[in-house]
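Quick notes on the structure that follows.
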Amino acid sequence: MPKLKTHRGAAKRFRRTASGKFKRAKAFKSHILTKKAAGRKRGLAKSTLASKADTARIREMLPYA
654 MPKLKTHRGA
664 AKRFRRTASG
674 KFKRAKAFKS
684 HILTKKAAGR
694 KRGLAKSTLA
704 SKADTARIRE
714 MLPYA
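With this note's numbering applied, the sequence shown covers 654 to 718.
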C-alpha cells in the first residue's frame, strides 16, 4: 500500500487536538475590520473546533495528523 498524501491546504488550516478533534481559525478577520466591534474582533482571533459534520472529511485529508 503506498503512502497517502496529505492535503497541504487542509494541513495549513487544521490542527488535531489531543482528544482527536480538529481546531480551526475563525473566518471574517482578514479585512474590513473598522466596522467590526473590538469584542467581536477579539472573539474572531480565538480558535474553535471544526464541526462534527466536517471531521470525517478533514480526517481523510490529514491521514497522519
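From the three backbone atoms N, C-alpha and C, an ideal C-beta is built for every residue, glycine too. On a predicted model such as this, the values are computed, not experimentally measured, just so you know.
Per DSSP, cross-strand counterpart(s) of residue i
{"i": "residue 691", "result": "The partner list for residue 691 (beta bridge, DSSP) is empty, contrary to what the question assumes."}
{"i": "residue 605", "result": "Only positions 654 to 718 of the chain appear in the structure, and residue 605 is not among them; the question remains open."}
{"i": "residue 669", "result": "675"}
Assigned exposure category for residue i - 16 Cβ within 10 Å defines buried
{"i": "residue 711", "result": "buried"}
{"i": "residue 611", "result": "Residue 611 falls outside the range modelled here, since the chain spans only 654 to 718, and no answer is possible."}
Spatially closest choice to residue i from the options, by CA coordinates
{"i": "residue 684", "options": "697, 704, 706, 659", "result": "697"}
Contacts around residue i, its chain only, beta-carbon distance under 7 Å, and the 5 residues preceding and following it disregarded
{"i": "residue 700", "result": "676, 677, 678"}
Own chain, CB closer than 6 Å to residue i, minus 5 neighbours either side, in chain order
{"i": "residue 714", "result": "660, 663"}
{"i": "residue 668", "result": "676"}
{"i": "residue 657", "result": "716"}
Close-in-space but distant-in-sequence residues of the same chain around residue i (CB under 8 Å, 5 per side omitted)
{"i": "residue 702", "result": "670, 674, 675, 676, 677"}
{"i": "residue 708", "result": "674, 675"}
Residue i, enclosing alpha helix (DSSP H) - first and last residue
{"i": "residue 663", "result": "661 to 666"}
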